[in-house]
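In full-length UniProt numbering, the protein residues as written are 1 to 523. Think of the CB as a built atom: it goes at the ideal place given N, C-alpha and C, for glycine as much as any other residue. Accompanying notes for the structure given below.
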């Protein structure tokens, strides 16, 4: 009889212990620590790539569905990955930047199979720039002779473009797009296992994946754990939309070298023209009390071309004036197993040259090519080491566009310094020479020839051209002194930007060991 009591006590104890373990495991899972002990199986998809066989576990989580996030979701989904995209707001964005895609970016769009996303949104072809200064103007055409007639820049409403890419990525059966706000990354023993997010209806959920890619834009609240963000805000853009405005050069962006800084005009639809007025510094005139409208009418309006003047003033009077800080941030990643940064969350440059989308799409092509040989992404430490090559392989394109944006903005701004102003004048005249003097710089700007060596060559060619103008025909001590300051100033503009980008990775990427890193062996 005693034995039966002992046996019953043991069985009850075992059952209680099992129940307790179940409760503990469930609670740990919802704290963000995956306790799955079975391996995640992979199955070949129809196109030969691999995805997770577990419906509750994505291969990749993408945080953000802007230009970078949407394009990346479609790209990885097309390669057979199971992708979960979590975007804070799935309604159509309304922004005043991200509206001009350079020809180099359009070529990347074609490479990713997304070129139809610029169709049916009233996008306008852009064939180059027109540069205005002190009543003079010059036309700078993209070197598109070797490309198909469809290849050019594209300008559009940013929100329409993003919605088209979201629709295309969501059309893939293995891409799940949902609205939610990611509040944190889930980490276990130094490895990012997924994210914790809040849904539209307020529920707090967790999602797990082998790789989490953060693309939550310039206001990213997740980047601090994945990089060393050094954000600079040199100026702000004041945005207006001009209606039925006839620009002096059809299908061209227009850059006015105004005082104190540049003004941009470009078409964003068949009836609308975007105007972006750059205001240096971090403070802008108040819109609410009318200071901004007064600034635009008294300081800016007199500097725009006569053909645009009436439309500009009408847009100011209409009152739909918006501002946005212009951020720049060099890429300074902390390689973290299980996570990766991309897009504006990772790297920003001044939007003067419209290079942001080109860099993002180029990065996606690099990442796609690195991930394609991998059948699964489950070994986070090994994958992290392999993806260090991403930071090196992206550098020549990204750093060229970043450096050009930063340097050109500083050269185009008016300055009380005589040497800086001389370089500004010389830059306009150098580009006005035509031939290789304009084709070289515009091929860099367009993303068609993003070579760092070419950038440095043309930048110092402008400086030397400016120096020659100063010293010829008869050099004087004053002119020699201004010339010396000009060369010093030019060096002070470009070298700090190059240093921040990384000299070795920018000019000598083949000397970086990660450049040759091979894919992890298939287990």
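Who are the Cβ neighbours of residue i in its own chain at under 7 angstroms, not counting the five residues just before and after it?
{"i": "residue 410", "result": "493"}
{"i": "residue 312", "result": "242, 275, 301, 304"}
{"i": "residue 93", "result": "158, 159, 162"}
{"i": "residue 440", "result": "454, 458"}
{"i": "residue 428", "result": "131, 133, 257"}
{"i": "residue 487", "result": "463, 467"}
{"i": "residue 498", "result": "403, 506"}
{"i": "residue 260", "result": "280, 413, 414"}
{"i": "residue 110", "result": "none"}
Classify residue i as helix, strand or coil using the three-state DSSP reduction.
{"i": "residue 394", "result": "coil"}
{"i": "residue 471", "result": "helix"}
{"i": "residue 418", "result": "helix"}
{"i": "residue 413", "result": "coil"}
{"i": "residue 100", "result": "strand"}
{"i": "residue 227", "result": "strand"}
{"i": "residue 452", "result": "helix"}
{"i": "residue 130", "result": "strand"}
{"i": "residue 213", "result": "strand"}
{"i": "residue 512", "result": "coil"}
{"i": "residue 342", "result": "coil"}
{"i": "residue 61", "result": "strand"}
{"i": "residue 69", "result": "helix"}
{"i": "residue 144", "result": "coil"}
{"i": "residue 322", "result": "strand"}
{"i": "residue 87", "result": "strand"}
{"i": "residue 333", "result": "strand"}
{"i": "residue 504", "result": "helix"}
Between which residues of its own chain and residue i is the CB-CB distance below 6 angstroms, once the five residues before and five after are set aside?
{"i": "residue 420", "result": "489"}
{"i": "residue 23", "result": "Only weak support exists for where residue 23 lies, its pLDDT of 40 falling under 50; the coordinates are left without a value."}
{"i": "residue 122", "result": "269, 270"}
{"i": "residue 76", "result": "60, 83"}
{"i": "residue 325", "result": "233, 236"}
Just reading off the alpha helix (DSSP H) that residue i is part of, what are its end residues?
{"i": "residue 384", "result": "380-386"}
{"i": "residue 437", "result": "436-445"}
{"i": "residue 486", "result": "477-501"}
{"i": "residue 151", "result": "It is not in any alpha helix (DSSP H) - residue 151 carries neither H nor E in the DSSP assignment."}
{"i": "residue 359", "result": "356-371"}
Starting from residue i, trace the beta strand (DSSP E) in both directions and tell me its first and last residue.
{"i": "residue 109", "result": "Counting along the chain, residue 109 falls outside any beta strand (DSSP E), though it belongs to the alpha helix (DSSP H) covering 103-111."}
{"i": "residue 282", "result": "No beta strand (DSSP E) holds residue 282; DSSP gives it neither H nor E."}
{"i": "residue 179", "result": "175-188"}
{"i": "residue 264", "result": "263-267"}
{"i": "residue 167", "result": "From DSSP, residue 167 is part of no beta strand (DSSP E) but of the alpha helix (DSSP H) over 158-170."}
{"i": "residue 140", "result": "136-141"}
{"i": "residue 253", "result": "253-256"}
According to DSSP, residue i sits in a beta bridge with which residue or residues?
{"i": "residue 289", "result": "According to DSSP, which records beta bridges pairwise, residue 289 is partnered with nothing at all."}
{"i": "residue 232", "result": "328"}
{"i": "residue 245", "result": "Residue 245 pairs with nothing; no bridge assigned."}
{"i": "residue 303", "result": "Bridge partners of residue 303: none, in fact."}
{"i": "residue 207", "result": "195"}
{"i": "residue 274", "result": "241, 266"}
{"i": "residue 401", "result": "Partner(s): none; residue 401 has no beta bridge."}
{"i": "residue 348", "result": "329"}
Just to confirm my understanding: we take residue i, look at its own chain, exclude 5 residues before and 5 after, and list those with CB closer than 8 angstroms. What are they?
{"i": "residue 132", "result": "254, 255, 256, 257, 305"}
{"i": "residue 505", "result": "391, 392, 395, 399, 512"}
{"i": "residue 74", "result": "112, 113, 114, 165, 168, 169, 172, 175"}
{"i": "residue 321", "result": "238, 239, 240, 287, 292, 293, 296"}
{"i": "residue 503", "result": "none"}
Could you check whether the Cβ of residue i sits closer than 8 angstroms to any Cβ belonging to chain C?
{"i": "residue 139", "result": "Reference to chain C is not applicable here, since this structure consists of a single protein chain."}
Taking 8 angstroms as the threshold, find out whether the region 509-523 comes into contact with the region 386-405 through three or more Cβ pairs. Cβ pair count under 8 angstroms is three or more, so yes.
Count the C-beta pairs between the region 205-220 and the region 328-344 that are closer than 8 angstroms, then say yes if the count reaches three, no if not. Flag = yes, the region 205-220 and the region 328-344 touch.
Touching by the beta-carbon criterion (3+ pairs, under 8 angstroms), the region 433-449 and the region 271-291: Taking a contact to require three or more Cβ pairs closer than 8 angstroms, the region 433-449 and the region 271-291 do not qualify as touching.
Taking contact to mean 3 or more Cβ pairs, one atom from each stretch, closer than 8 angstroms, check whether the region 395-407 and the region 341-358 are in contact. Counting Cβ pairs under 8 angstroms, three or more are found: they touch.
Does the contact criterion of 3 or more C-beta pairs under 8 angstroms hold for the region 197-207 versus the region 218-232? Pairwise C-beta distances place the region 197-207 out of contact with the region 218-232, as fewer than three of them are shorter than 8 angstroms.
Closer than 8 angstroms is the cut-off here; do at least three beta carbon pairs connect the region 279-292 with the region 108-124? The region 279-292 is not in contact with the region 108-124.
So does the region 83-97 actually touch the region 60-72, counting three or more Cβ pairs closer than 8 angstroms? Touching, per the Cβ criterion.
On the three-pair Cβ rule with 8 angstroms, is the region 330-337 touching the region 358-373? Judged by Cβ distances under 8 angstroms, the region 330-337 makes no contact with the region 358-373, as fewer than three pairs qualify.
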